[in-house]
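In what follows, a structure is listed as structure tokens, so that the remarks can point back to it.
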Amino acid sequence: MTKKAYIEIDSERCKGCGLCINACPQHVIRFSEKFNNKGYHYAELHDPENKCIGCAFCYNMCPDVCIVVHRLVKEESKV
Ligand code: SF4
Ligand code: SF4
Numbered sequence: 215m216t217k218k219a220y221i222e223i224d225s226e227r228c229k230g231c232g233l234c235i236n237a238c239p240q241h242v243i244r245f246s247e248k249f250n251n252k253g254y255h256y257a258e259l260h261d262p263e264n265k266c267i268g269c270a271f272c273y274n275m276c277p278d279v280c281i282v283v284h285r286l287v288k289e290e291s292k293v
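Residue numbers 215 to 293, in our numbering, belong to the letters of the sequence shown in order.
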């Protein structure tokens, strides 16, 4: 499947609350097995099948504004 969108998560600012994971309709965010410097399992994109649709539900849900959404359909834009 052609990649339509992807996200970047600032792993050092993430507090591992999981809200973005619960919000994602495509189920492409998970907790990393690694810890960040604050000691949290941070969220990471895991999207081997390019299912992210750029809906930005994750971005809107994150209380710490750790997520940037990139949409690739026409021109790349940041939400
Ligand atoms: S933009 Fe939408 S589909 Fe993509 S990771 Fe965020 S919530 Fe999931
Ligand atoms: S909602 Fe934000 S702080 Fe919470 S796990 Fe996701 S990226 Fe981290």
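Glycine residues also receive a C-beta, built at the ideal position from the N, C-alpha and C atoms.
Bear in mind that the values here come from a model prediction, so they are computed numbers and not experimental data.
> Using the rule of at least 16 other Cβ atoms within 10 Å of the residue's Cβ for burial, across every protein chain shown, is F249 buried or exposed?
Replying inline: exposed
> With burial defined as no fewer than 16 other Cβ atoms inside 10 Å of the residue's Cβ, what is the status of V242: buried or exposed?
Replying inline: buried
> Counting along the chain, where does the beta strand (DSSP E) carrying A237 start and finish?
Replying inline: Taken as a continuous stretch (DSSP letters only), A237 belongs to no beta strand (DSSP E), being part of the alpha helix (DSSP H) at L233 to A237.
> Anyone know if the C-beta pair for C234 and C272 falls short of 8 Å?
Replying inline: yes
> Can you tell me the Cα-Cα spacing of P239 and G268, whole angstroms?
Replying inline: 11 Å
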